[in-house]
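Enquirer:
Residue numbers (the numbering used here), protein chains in the order written: chain Y, 323 to 666; chain F, 323 to 666; chain C, 323 to 666; chain G, 323 to 666.
1. In chain C, what lies closer than 8 angstroms to residue 402 (chain F) by C-beta?
2. In the segment 623–656 of chain G, which residues sit with their C-beta less than 8 angstroms from some C-beta in chain F, listed in chain order?
3. Would you verify that the beta carbon of residue 468 (chain F) is, or is not, closer than 8 angstroms to some beta carbon of chain Y?
4. Between which residues of its own chain and residue 483 (chain Y) is the CB-CB distance below 8 angstroms, once the five residues before and five after are set aside?
5. If we call anything under 8 angstroms between Cβ atoms a contact, is residue 436 (chain G) one with residue 653 (chain C)?
6. Runs of 3 residues minimum, wholly inside the segment 344–405 of chain C: which ones carry the beta strand (DSSP E) assignment?
7. If I follow the unbroken alpha helix (DSSP H) through residue 504 (chain F), where does it start and stop?
8. Beta-carbon of residue 535 (chain Y) versus every beta-carbon of chain G: anything under 8 angstroms?
9. In the DSSP assignment, what residue or residues form a beta bridge with residue 421 (chain C)?
10. Does the Cβ of residue 339 (chain C) have 16 or more other Cβ atoms within 10 Å, making it buried, or fewer, making it exposed?
11. Nearest chain C C-beta to residue 323 (chain Y) closer than 8 angstroms, yes or no?
12. Cβ of residue 331 (chain Y) within 8 angstroms of Cβ of residue 348 (chain Y)?
13. Could you check how far apart the C-beta atoms of residue 533 (chain F) and residue 542 (chain F) are, in whole angstroms? I think they sit under 8 angstroms.
14. I need the DSSP call for residue 667 (chain Y), collapsed to helix, strand or coil.
15. Let me confirm a value: residue 445 (chain F) is counted as buried when at least 16 other C-beta atoms fall within 10 Å, else exposed. Which label applies?
16. Quick check on residue 329 (chain F) - is its C-beta less than 8 angstroms from some C-beta in chain G?
17. Beta-carbon of residue 436 (chain G) versus every beta-carbon of chain Y: anything under 8 angstroms?
18. Find the residues of chain F that neighbour residue 608 (chain C), judging by a C-beta separation of less than 9 angstroms, and give them in chain order.
19. Beta strand (DSSP E) containing residue 475 (chain Y): first to last residue?
20. May I ask you to report which of helix, strand or coil DSSP gives residue 627 (chain G)?
21. Let's see if you can read the secondary structure: which residues bound the beta strand (DSSP E) around residue 451 (chain F)?
22. Just mark residue 409 (chain G) as buried or exposed, buried being the case when its beta carbon has 16 or more other beta carbons within 10 Å.
23. For the segment 573–592 of chain G against the segment 521–540 of chain G, are there 3 or more C-beta pairs whose distance is under 8 angstroms?
24. Using DSSP bridges, identify the partner residues of residue 541 (chain C).
25. Could you pull the start and end residues of the beta strand (DSSP E) that residue 332 (chain F) belongs to?
26. Leaving out the 5 sequence neighbours to the left and right, which residues in its chain are closer than 6 angstroms to residue 447 (chain C) when beta-carbon positions are compared?
27. Using the beta-carbon count (16 or more within 10 Å), is residue 563 (chain F) buried or exposed?
28. Given a cut-off of 8 angstroms, decide if residue 344 (chain Y) and residue 404 (chain Y) are closer than it, judged by their beta-carbon atoms.
29. Alpha carbons only, please: which of G:364, G:392, G:394 is nearest the one belonging to residue 384 (chain G)?
30. Tell me which residues of the segment 446–458 of chain G have at least one Cβ-Cβ distance to chain C shorter than 7 angstroms, keeping chain order.
31. Determine the direct distance from the alpha carbon of residue 366 (chain G) to that of residue 547 (chain G), and round the result to whole angstroms.
32. Can the beta-carbon of residue 516 (chain C) be found closer than 8 angstroms to that of residue 540 (chain G)?
33. Of all the CB atoms in chain Y, is at least one closer than 8 angstroms to the CB of residue 439 (chain F)?
34. Taking a cut of 7 angstroms between CB atoms, which residues from the segment 492–520 of chain Y lie near chain D?
35. Comparing the CB of residue 441 (chain C) with every heavy atom of the ligand PLP, is any distance shorter than 7 angstroms?
36. Can you name the start and end residues of the beta strand (DSSP E) that residue 612 (chain Y) belongs to?
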């Protein structure tokens with residue numbers, strides 16, 4: 323399944339070192355203003371080399387809109403976004419053709435398909451997120467038209483919580499030929515109450531899926547998250563007065579439906595698996611080998627996860643927003659915009 | 323969306339205090355042995371009153387198989403499972419008709435639909451999980467036929483990690499008219515390598531969605547999870563030798579695809595929102611009120627989450643297993659059963 | 323796949339001679355007035371024995387609403403509709419356990435699943451349509467609230483087009499222990515322009531799927547249908563003046579999207595395969611046999627197809643209507659109800 | 323919905339006179355041999371100008387495979403196929419910007435989206451089928467590996483059934499500035515028994531949807547189709563002996579599941595709506611106008627429907643084939659290839 327969403331459906335394609343990556347968006351409303359420059363700006367934020375210590379691969383990504391936009395506005399038909407790979411160096415990966423890199427998807431792809439495109443991880447590469455960010459730039463346009471905005475920040479790197487501490491941890495890992503993980507917080511403000519569906523289509527369930535679908539993410543929490551497991555009901559419940567909620571321990575979602583308060587999500591990012599320190603592994607023939615992964619790799623990909631996590635949250639919210647439009651004309655008072663709770 | 327899964331599709335229905343709850347399973351393979359007794363046994367495990375301090379509601383749940391099973395075996399057609407509500411007491415909830423209980427979905431349902439069934443939370447009640455557990459009992463039959471087994475254990479209650487400590491925390495909360503949360507670990511063993519899809523259909527993404535779709539769950543992690551954020555790549559990577567993986571920090575999933583090692587998932591459960599301590603809230607007219615939720619409620623629902631989390635993991639795995647069957651005849655060596663990695 | 327629809331999703335279950343049949347509707351808007359009596363009335367129309375020469379099976383079908391309706395109105399949560407089989411006589415079918423009835427799905431089910439429920443055709447029985455008609459009764463309530471109404475009429479039986487001729491053909495077939503087919507026309511009026519999606523989700527494509535999913539249907543046409551193949555463009559094109567379309571050769575759908583004119587569909591119904599005349603067949607062991615199918619069978623099921631075809635058209639239209647709501651707030655002038663073309 | 327299929331999912335994009343058209347295939351099994359030349363050959367068959375009297379637009383379509391294929395074989399990841407528009411002449415359509423062409427989707431797109439890309443019909447153009455044919459070339463590779471082959475023939479043009487008669491009808495229509503319709507038959511041989519699902523996912527229901535999703539198609543029939551409505555059961559039933567079916571009135575599908583006999587489908591194609599004869603219409607402001615559609619148009623598109631109908635049948639069958647693989651390991655004797663009935 324390379325499609326995300328029920329209503330605003332994004333299908334991505336492309337390998338790290340193939341000719342191109344891209345996305346087809348099906349279900350975008352008509353009349354939304356969008357340009358290639360809007361999307362390029364979003365791609366610029368996820369680009370490596372923007373942060374110190376990041377991969378030296380130069381991705382001068384430029385999108386081409388192949389369909390679904392006419393005279394600067396969406397028409398309601400599918401939007402194909404194409405990004406050519408310009409700095410792919412497949413030959414860099416010849417040495418990895420028959421060996422499984424620890425912490426990577428090499429072994430599992432081989433087990434699943436009986437074959438794999440070994441050039442830079444192929445489809446499992448972080449580069450695949452280019453397509454997500456491009457598609458989400460369109461989603462963000464729809465959301466901002468409804469007053470919803472999304473942001474993110476790094477809150478922890480290898481245990482450090484101050485900017486200086488984080489930089490020190492990354493530098494130290496780089497020096498050792500090693501890598502470090504961290505935690506990113508993503509938030510959405512201006513989101514109306516009423517988004518999300520009960521039971522399996524809960525807004526937080528879809529957010530969790532969206533976040534965990536990012537390669538390096540190993541944990542997701544909403545609002546107080548794991549800290550809630552150490553709280554009492556009287557501490558965790560968000561009480562209300564006539565102006566709205568008095569706190570936001572729930573992170574803006576109750577019973578799987580948005581409350582109108584800020585949506586707060588945190589994701590745990592594992593340390594980059596590509597490290598130059600020697601590791602034990604096997605090759606496709608089952609023979610034991612050692613490996614030292616050199617090349618253009620980030621000692622810490624946490625800074626690059628932010629824009630991707632924002633993209634995924636945008637895709638979840640635009641989908642829920644469209645779903646809620648579907649029933650709005652039947653809800654009493656459905657003509658008026660859905661009310662937004664007070665934020666805390 | 324009240325349907326879970328792509329291949330083994332489970333649609334649930336029913337409210338806490340309506341006539342019945344149930345599930346329709348579409349896509350179950352033919353020839354699987356299943357009886358009403360098998361399902362009743364699974365329901366027994368999630369029943370309140372089995373654990374001390376749990377809700378006093380007596381749910382003598384008995385399933386009726388209405389279709390899709392003939393002479394003790396599935397036929398491949400949809401299986402409808404029905405559980406009547408026998409101890410529903412809608413009149414208990416009359417007082418709550420117009421007031422929003424803090425920490426519950428009352429407010430968000432009202433905002434979403436402009437109406438709600440206020441009897442015991444209606445569809446957002448924990449009782450809805452009866453349908454999931456019943457459907458998953460069928461899934462477990464399919465899985466156990468392939469050598470896959472699933473289990474769970476409570477690893478923390480309000481910070482306590484020993485059985486005695488946990489019981490003390492629950493008793494103390496009950497005494498205070500309050501409640502506590504905790505953490506549950508769910509695992510699957512015997513799962514072959516190769517399950518799950520790249521990108522959006524990653525096995526861990528689906529597990530995260532499945533777990534977060536359980537009402538009280540506010541966080542999900544796979545393998546080392548949030549701890550991975552504080553690790554170096556050299557610590558977190560699972561190296562291999564000729565016999566398989568040397569560790570299982572990844573929790574059995576790499577690049578969204580199962581490795582063959584044990585699948586390890588942990589979920590954060592929030593404290594039960596229904597507490598008798600007085601809380602501030604508003605009613606449907608927006609007027610400020612105070613509320614003390616009395617009735618048959620658990621001071622800690624963590625013990626009851628285990629069977630539900632197992633059920634959700636079973637649904638994810640059976641779905642992935644069927645998906646992998648689809649491509650098996652095209653994978654080289656696809657005739658043989660998929661290899662299982664060494665567990666650690 | 324026992325689910326129909328993307329937005330108003332109907333999942334049906336149940337076998338002809340099992341305990342019950344039913345449907346779960348997921349995605350019905352909240353606030354729609356519906357009662358068990360409304361649904362029973364719809365079921366009454368498809369009941370055998372209403373028309374002369376029809377099956378003597380007595381189906382006193384009574385629906386039970388198990389969920390999703392509270393105080394006479396839908397709540398937005400899944401609606402489970404249950405109809406018990408009260409006049410099932412599985413023992414009638416013992417003789418057919420191991421032989422394939424010509425024109426029936428016996429052979430193909432056996433090939434597909436390696437097993438089958440042979441009692442009265444099991445899931446492939448026409449009785450399965452009880453669930454469709456029940457679910458569509460809810461859809462019709464949604465549609466009629468938007469001014470859309472659906473009807474059908476028999477236009478041909480075994481070549482006869484007059485009521486007397488049709489009755490004569492059926493009587494003659496019955497006398498011979500044989501059966502006859504016919505053609506039914508289904509129409510929808512009041513349908514706004516703009517329903518349906520381009521390309522694969524064309525409204526006529528979904529109508530065709532819906533109609534051909536009825537057991538006995540072997541052909542579907544929209545508007546002029548097969549007659550259009552013998553026309554010139556100048557005859558078939560529907561020209562317009564300031565008041566709307568001047569004709570309706572297109573049957574209310576152009577480019578897969580409704581025009582606002584009456585939607586006109588015709589379906590070809592094959593003769594009932596159950597006949598008492600002796601036929602050649604084989605049994606499950608591959609041995610040659612002859613068979614004479616006796617029991618309670620219609621010599622002509624055409625009269626009973628009308629209500630089912632209406633039901634399927636209702637399901638298609640309610641789904642498209644909800645889909646169009648989703649983008650309505652983005653279309654210029656989307657606040658106003660979608661315009662309806664002049665009908666001809 | 324611009325996606326077709328559940329298992330072998332094809333998403334198409336692109337407008338007639340935009341930069342490009344294309345398709346993303348998600349769910350193609352790994353290891354299938356495919357080249358750009360294979361796909362170009364399929365595109366060549368649907369190209370205008372191959373048949374006399376066809377559109378003079380020169381479509382020298384060349385596909386580019388952007389992903390999912392490595393070293394000449396599919397990898398299991400999504401396959402993006404891109405075809406650039408090289409002979410688009412959007413300026414030809416300036417005159418049509420504000421007027422609705424009779425028989426075209428102009429009016430309905432405007433009603434649906436409140437906007438439209440008027441260049442050559444945009445997304446509703448027959449040129450959109452380039453993407454379907456390209457994707458189906460991959461599907462055909464999968465099918466031919468399982469011994470299934472698909473073909474088509476024109477059986478009627480404006481009532482004429484002989485080649486000479488058909489050519490005469492087309493020439494006469496061209497001379498008059500008019501157009502004609504016809505009937506195409508599509509068949510599949512080598513298809514195993516057991517494909518397709520009961521109830522809504524019937525193989526014939528999916529075939530009907532697939533065919534009716536082709537722009538000009540107004541009717542679909544399987545096997546005897548509408549002729550079955552004029553038959554008796556004793557004539558229409560396909561009896562069996564020990565070697566298989568004695569006839570194929572059912573067209574290879576019973577109860578929605580393939581019988582193993584040849585699958586036979588016929589589609590009614592309406593006359594091309596673009597004619598130079600003057601017609602009445604209105605413009606976007608509602609003002610009455612007359613229109614004469616000149617430019618590069620076919621007087622008869624029936625010859626070009628064949629390859630597209632074959633493509634759609636291939637997509638339906640590959641999807642059903644993959645679906646059946648999913649349950650094959652559970653069906654008794656499921657290890658062996660599914661048996662194929664005798665063809666007649």
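Idealized CB from N, CA, C, for every residue including glycine.
Expert: Checking against the coordinates, here is how it stands:
1. 335, 336, 342, 344
2. 644, 645, 647, 648, 649, 650, 651, 652, 653, 654
3. no
4. Closer than 8 angstroms at Cβ, skipping near neighbours: 477.
5. yes
6. Within the segment 344–405 of chain C, the complete beta strand (DSSP E) runs of at least 3 residues are 385–387.
7. It is not in any alpha helix (DSSP H) - residue 504 (chain F) instead sits in the beta strand (DSSP E) that spans 504–511.
8. Chain G contact via Cβ: absent.
9. Paired residues: C:605.
10. With 16 or more neighbouring CB atoms inside 10 Å of its own CB, residue 339 (chain C) falls in the buried class.
11. no
12. yes
13. 5 angstroms
14. Summary: the structure shown does not reach residue 667 (chain Y), with chain Y confined to residues 323 through 666, and so no result is reported for it.
15. By the neighbour-count rule (16 or more Cβ atoms within 10 Å), residue 445 (chain F) is buried.
16. yes
17. yes
18. Ordered by position in chain F, no residue passes the 9 angstroms Cβ test against residue 608 (chain C), which lies about 20 angstroms from the chain.
19. Annotation for residue 475 (chain Y): the continuous beta strand (DSSP E) segment containing it runs 471–479.
20. Helix at residue 627 (chain G).
21. Where residue 451 (chain F) is concerned, there is no enclosing beta strand (DSSP E), although the alpha helix (DSSP H) it sits in stretches over 451–466.
22. An exposed status is given to residue 409 (chain G), since fewer than 16 other beta-carbon atoms sit within 10 Å of its beta-carbon.
23. yes
24. C:590, G:543
25. 331–336
26. 338
27. So residue 563 (chain F) ends up on the exposed side.
28. yes
29. G:364
30. 446, 450
31. 31 angstroms
32. No, the Cβ-Cβ distance between residue 516 (chain C) and residue 540 (chain G) is not below 8 angstroms.
33. no
34. You won't find chain D in this structure, because its protein chains are Y, F, C and G.
35. In the structure shown, the ligand PLP is absent, as is every other ligand, since no ligand is present at all.
36. First-last of the beta strand (DSSP E) with residue 612 (chain Y): 610–613.
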